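Here is the structure we will look at, set down as structure tokens.
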Ligand code: ATR
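Have a look at this one:
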């Protein structure tokens, strides 16, 4: 964007709310997209450390006619109480990561769903049709991903979580919508290793492996990884987690969460600007730049 556009007030505000927001890559992604397309979008992170201020901030963003904003931890659920509408998928997941201002009203969606699917296809070259998938974890990310995989026609989705009851909640919700496709297991149940080992795809949605939990694999003891299995880790920092290292050594097809990070942002950018940005050149280029950056840090 040119200096002249700022001076003439042509800049459109977008942003991110959450806590913390200091280490986010989202401003880099959106401001790069804005520069490529010359659409005048300026994306800023807004940290909200006191949850009681969420309502005031949302009101202020509306007053400022922000084109839209992303929502990250810990406000993906809470934000629903402060916006004017929500689409069916975000409602069934119970989490919103993207809010768009349309005719003065805030609408919530969840671009983690399309973001994950697009990233998975691009990064692995594979799809989910008829496949048996093990999803590790049962938090917000798992909810979106299980829903996404069910929508892609997976044969079976096994949800494996430390807290069994949380996996059961997702099982119930997904089966209500898609038929008898999901099944919950406790991480420490004796059958979990066999369930994971016998599937085609493993997706990690837990924080195990990320900065602070480095060198910890989310897999329970006794899982055997096979050549040709696909292992996707939603963790992107570090680029290569303990899980991805083990999977690579076993000859699996592997991919890390940097793709999901980029494609969920691209989907939000498309919602706010109407500009299609998911091409290999653009989204792929941003992904490469992030991989270089993460490789250095
Ligand atoms: P997000 O919204 O990013 O998915 P979350 O809601 O905090 O994050 O979910 C994190 C998931 O990782 C949860 O399923 C959590 O298990 P519990 O439901 O038992 O809390 C899982 N998780 C976090 N730390 C873990 C650990 N040390 N071992 C196993 N699972 C863990």
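Numbering (our numbering), first residue to last: -1 to 295. For every residue, glycine included, the Cβ atom is placed at its ideal position computed from N, Cα and C. Being a predicted model, the structure only gives us computed values, none of them experimental.
Any non-hydrogen atom of the ligand ATR closer than 7 Å to residue i Cβ
| i | result |
| --- | --- |
| residue 164 | yes |
| residue 159 | yes |
| residue 206 | yes |
| residue 139 | yes |
| residue 12 | no |
| residue 203 | yes |
| residue 257 | no |
| residue 136 | yes |
| residue 288 | no |
| residue 185 | yes |
Coil, strand or helix - residue i by DSSP
| i | result |
| --- | --- |
| residue 298 | Outside the shown range of the chain (-1 to 295) lies residue 298, about which nothing can therefore be said. |
| residue 81 | coil |
| residue 105 | strand |
| residue 91 | helix |
| residue 173 | helix |
| residue 73 | coil |
| residue 234 | coil |
| residue 62 | coil |
| residue 43 | strand |
| residue 165 | helix |
| residue 97 | strand |
| residue 56 | helix |
| residue 292 | helix |
| residue 190 | helix |
| residue 111 | helix |
| residue 5 | helix |
Element boundaries [beta strand (DSSP E), containing residue i]
| i | result |
| --- | --- |
| residue 11 | 10 to 16 |
| residue 214 | Where residue 214 is concerned, there is no enclosing beta strand (DSSP E), given that its DSSP letter is neither H nor E. |
| residue 201 | 199 to 202 |
Extent of the continuous alpha helix (DSSP H) run through residue i
| i | result |
| --- | --- |
| residue 34 | 24 to 35 |
Closer than 8 Å to chain B by CB, residue i
| i | result |
| --- | --- |
| residue 127 | Although the question refers to chain B, the structure presented lacks it and comprises just one protein chain. |
Is there contact between the region 96 to 116 and the region 264 to 274, where contact requires at least three CB pairs shorter than 8 Å? Yes, they touch.
Does the pairing of the region 146 to 157 with the region 101 to 121 give three or more beta-carbon distances under 8 Å? Output reads yes: the region 101 to 121 touches the region 146 to 157.
List in chain order: all unbroken beta strand (DSSP E) runs of 3+ residues lying wholly within the region 116 to 157. 130 to 134
Should the region 177 to 184 be called in touch with the region 206 to 223, which here means at least 3 C-beta pairs below 8 Å? no
Count Cβ pairs between the region 158 to 166 and the region 121 to 137 that sit closer than 8 Å; are there 3 or more? yes
Sufficient close CB pairs (3 or more, under 8 Å) joining the region 38 to 48 to the region 17 to 24: yes
So, does the region 57 to 70 touch the region 83 to 90, judging by three or more C-beta pairs under 8 Å? no
Taking only runs of the alpha helix (DSSP H) that begin and end inside the region 244 to 286, which ones reach a length of at least 4 residues, in chain order? If we require 4 residues or more, the alpha helix (DSSP H) runs fully inside the region 244 to 286 come out as 256 to 271.
Evaluate the contact criterion for the region 212 to 232 versus the region 196 to 204: three or more CB pairs, one atom per stretch, below 8 Å. yes
Three CB pairs or more closer than 8 Å across the region 25 to 37 and the region 70 to 85: Not touching, per the Cβ criterion.
Segment contact, 8 Å Cβ cut-off, at least three pairs: the region 235 to 243 with the region 35 to 45: no
How about the region 220 to 232 and the region 247 to 254: do they share at least three Cβ pairs that are nearer than 8 Å? yes
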